[in-house]
Amino acid sequence: MMTFDRFARRAGMAAMAALVAAAFGGGPAQAASWLEKNFYLSGPNYDGDVPSCEAALGTISDRFETKESRFWNSNAQILGYERVRQVAFRPWARGTIPRRFCRAVATVNDGRKHVVNYYITEDGGDIGATWGVTWCVVGFDRNMAYSPACKMALP
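Here the sequence shown is numbered in my numbering, starting from 97 and rising by one per residue.
Structure representation (C-alpha coordinates):
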(Lines of atoms letter the chains of each structure in order from A; the text may use other names.)
(Lines give C-alpha, C1' and ligand atoms only; values in the text may rest on other atoms or scores of the structure.)
Protein backbone atom coordinates (compact mmCIF):
# COMPACT_ATOMS: atom_id res chain seq x y z
CA MET A 97 0.00 0.00 0.00
CA MET A 98 1.34 3.45 -0.93
CA THR A 99 1.66 6.04 1.83
CA PHE A 100 0.61 9.65 1.35
CA ASP A 101 4.27 10.91 1.36
CA ARG A 102 5.24 8.54 -1.41
CA PHE A 103 2.17 9.45 -3.43
CA ALA A 104 2.81 13.18 -3.02
CA ARG A 105 6.47 12.78 -4.01
CA ARG A 106 5.59 10.84 -7.17
CA ALA A 107 2.84 13.28 -8.08
CA GLY A 108 5.24 16.19 -7.60
CA MET A 109 7.86 14.57 -9.81
CA ALA A 110 5.28 13.90 -12.53
CA ALA A 111 4.11 17.51 -12.39
CA MET A 112 7.71 18.75 -12.61
CA ALA A 113 8.37 16.55 -15.64
CA ALA A 114 5.24 17.90 -17.33
CA LEU A 115 6.34 21.50 -16.65
CA VAL A 116 9.81 20.88 -18.06
CA ALA A 117 8.37 19.28 -21.18
CA ALA A 118 6.00 22.20 -21.67
CA ALA A 119 8.72 24.80 -21.08
CA PHE A 120 11.19 23.37 -23.55
CA GLY A 121 8.56 22.27 -26.01
CA GLY A 122 8.34 18.91 -27.52
CA GLY A 123 8.26 20.31 -31.05
CA PRO A 124 10.91 20.01 -33.73
CA ALA A 125 14.08 22.10 -33.59
CA GLN A 126 14.06 25.37 -35.49
CA ALA A 127 16.74 27.27 -37.35
CA ALA A 128 18.62 30.07 -35.64
CA SER A 129 16.87 33.42 -35.52
CA TRP A 130 18.35 36.58 -37.09
CA LEU A 131 19.61 37.62 -33.66
CA GLU A 132 21.44 34.34 -33.13
CA LYS A 133 22.97 34.56 -36.59
CA ASN A 134 24.37 38.02 -35.82
CA PHE A 135 26.98 36.69 -33.40
CA TYR A 136 29.77 35.34 -35.55
CA LEU A 137 32.60 34.01 -33.42
CA SER A 138 35.47 33.54 -35.81
CA GLY A 139 38.10 32.98 -33.14
CA PRO A 140 40.89 35.18 -31.85
CA ASN A 141 42.26 37.82 -34.17
CA TYR A 142 45.62 39.08 -32.98
CA ASP A 143 47.46 41.97 -34.55
CA GLY A 144 50.87 41.30 -33.01
CA ASP A 145 50.82 44.57 -31.07
CA VAL A 146 53.09 43.63 -28.17
CA PRO A 147 55.06 46.36 -26.37
CA SER A 148 58.84 46.40 -26.19
CA CYS A 149 60.78 44.56 -23.51
CA GLU A 150 61.40 47.76 -21.55
CA ALA A 151 57.66 48.43 -21.14
CA ALA A 152 57.18 45.53 -18.70
CA LEU A 153 60.03 46.30 -16.30
CA GLY A 154 57.99 48.52 -13.98
CA THR A 155 55.27 45.89 -13.68
CA ILE A 156 57.84 43.19 -12.94
CA SER A 157 59.46 45.32 -10.21
CA ASP A 158 56.12 46.03 -8.53
CA ARG A 159 54.91 42.44 -8.66
CA PHE A 160 58.28 41.09 -7.51
CA GLU A 161 58.24 43.27 -4.40
CA THR A 162 54.62 42.34 -3.66
CA LYS A 163 55.24 38.61 -4.10
CA GLU A 164 58.36 38.60 -1.96
CA SER A 165 56.80 40.52 0.92
CA ARG A 166 53.38 38.87 0.87
CA PHE A 167 54.27 35.24 0.31
CA TRP A 168 57.90 34.86 1.36
CA ASN A 169 58.21 37.46 4.16
CA SER A 170 61.17 38.97 2.36
CA ASN A 171 62.09 42.60 1.77
CA ALA A 172 63.72 41.88 -1.61
CA GLN A 173 63.29 44.61 -4.21
CA ILE A 174 64.56 45.15 -7.73
CA LEU A 175 66.59 48.34 -7.83
CA GLY A 176 67.33 48.50 -11.55
CA TYR A 177 67.83 46.65 -14.82
CA GLU A 178 70.58 46.35 -17.37
CA ARG A 179 71.20 44.38 -20.58
CA VAL A 180 67.50 44.23 -21.49
CA ARG A 181 67.09 42.31 -24.73
CA GLN A 182 64.54 40.43 -26.77
CA VAL A 183 65.05 36.67 -27.00
CA ALA A 184 62.23 35.83 -29.44
CA PHE A 185 59.01 37.18 -30.91
CA ARG A 186 56.22 34.81 -31.90
CA PRO A 187 58.50 31.77 -31.87
CA TRP A 188 55.67 29.38 -32.69
CA ALA A 189 53.06 29.36 -35.43
CA ARG A 190 51.63 32.64 -36.66
CA GLY A 191 48.13 31.80 -35.44
CA THR A 192 49.16 31.48 -31.80
CA ILE A 193 48.90 34.23 -29.20
CA PRO A 194 51.69 36.76 -29.88
CA ARG A 195 54.39 36.78 -27.21
CA ARG A 196 57.63 38.71 -26.91
CA PHE A 197 60.22 36.78 -24.90
CA CYS A 198 62.82 38.90 -23.13
CA ARG A 199 65.73 38.67 -20.75
CA ALA A 200 67.30 41.27 -18.47
CA VAL A 201 69.73 41.44 -15.58
CA ALA A 202 68.24 42.93 -12.42
CA THR A 203 70.09 44.41 -9.48
CA VAL A 204 68.32 43.31 -6.31
CA ASN A 205 68.75 44.97 -2.93
CA ASP A 206 70.66 41.92 -1.70
CA GLY A 207 73.61 43.35 -3.65
CA ARG A 208 73.56 40.68 -6.35
CA LYS A 209 72.60 40.67 -10.00
CA HIS A 210 69.95 38.17 -11.08
CA VAL A 211 68.77 37.19 -14.56
CA VAL A 212 65.09 37.88 -15.24
CA ASN A 213 63.33 35.84 -17.92
CA TYR A 214 59.92 37.13 -18.96
CA TYR A 215 57.44 37.29 -21.77
CA ILE A 216 54.84 39.84 -22.74
CA THR A 217 51.56 38.48 -24.09
CA GLU A 218 49.08 40.33 -26.29
CA ASP A 219 45.67 40.48 -24.58
CA GLY A 220 47.16 38.67 -21.58
CA GLY A 221 46.32 41.31 -18.99
CA ASP A 222 43.18 41.83 -16.92
CA ILE A 223 40.16 40.42 -18.76
CA GLY A 224 42.18 40.43 -21.96
CA ALA A 225 41.92 44.19 -22.30
CA THR A 226 45.65 44.87 -22.48
CA TRP A 227 48.99 43.10 -22.58
CA GLY A 228 50.20 40.95 -19.69
CA VAL A 229 53.61 39.89 -18.44
CA THR A 230 54.82 36.59 -17.01
CA TRP A 231 58.22 36.73 -15.31
CA CYS A 232 60.75 34.80 -13.26
CA VAL A 233 63.82 36.05 -11.38
CA VAL A 234 66.57 33.42 -11.23
CA GLY A 235 67.31 32.62 -7.60
CA PHE A 236 63.86 33.78 -6.45
CA ASP A 237 61.70 31.07 -8.04
CA ARG A 238 61.04 29.65 -4.59
CA ASN A 239 58.02 27.56 -5.58
CA MET A 240 59.87 26.27 -8.68
CA ALA A 241 57.08 27.31 -11.05
CA TYR A 242 59.58 27.98 -13.86
CA SER A 243 62.21 25.46 -12.83
CA PRO A 244 65.03 24.80 -13.65
CA ALA A 245 66.53 28.27 -13.17
CA CYS A 246 63.55 30.06 -14.75
CA LYS A 247 64.09 28.39 -18.14
CA MET A 248 60.38 27.64 -18.48
CA ALA A 249 59.74 31.37 -18.93
CA LEU A 250 61.61 31.20 -22.24
CA PRO A 251 60.46 29.68 -25.55
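We treat Cβ as the ideally placed atom computed from N, Cα and C, and that holds for glycine.
- Would residue 218 pass as a contact of residue 227 if the rule is Cβ separation under 8 angstroms? By 1-based counting over the sequence shown, the position of residue 218 is 122. By 1-based counting over the sequence shown, the position of residue 227 is 131. The answer is yes: Cβ separation under 8 angstroms.
- Message: Once the 5 residues before and after residue 234 are set aside, which same chain residues still bring their CB inside 6 angstroms of it?
- Response: The count along the sequence shown starts at 1 and reaches residue 234 at position 138. If we look at residue 234 and ignore the five residues flanking it on each side, its Cβ neighbours are 210, 211, 245 and 246.
- Boundaries (first-last residue) of the beta strand (DSSP E) holding residue 175: To locate residue 175, count along the sequence shown from 1; it is residue 79. First-last of the beta strand (DSSP E) with residue 175: 174 to 185.
- At what residues does the beta strand (DSSP E) containing residue 231 begin and finish? Against the sequence shown, residue 231 aligns to sequence position 135. Note, residue 231: beta strand (DSSP E), 228 to 233.
- Take residue 151 as the anchor and find which of 177, 163 and 106 has the nearest alpha-carbon. Reading the sequence shown from its first residue, position 55 is the one you call residue 151. Minimum Cα distance to residue 151 is reached at 177.
- So, using beta-carbon positions, are residue 205 and residue 249 closer together than 8 angstroms? Translated into positions along the sequence shown, residue 205 becomes position 109. Translated into positions along the sequence shown, residue 249 becomes position 153. Contact: no.
- With a cut-off of 8 angstroms on the beta carbons, I'd call residue 168 and residue 238 a contact; round off their distance for me. Here residue 168 refers to the residue found at position 72 when the sequence shown is read from its first residue. Here residue 238 refers to the residue found at position 142 when the sequence shown is read from its first residue. Right, the Cβ-Cβ distance comes to about 6 angstroms (below 8 angstroms), so this counts as a contact.
- Any idea if residue 193 is buried or exposed, counting beta-carbon neighbours within 10 angstroms, 16 or more meaning buried? Working through the sequence shown from its first residue, we reach residue 193 at position 97. Exposed, since its Cβ has fewer than 16 Cβ neighbours within 10 Å.
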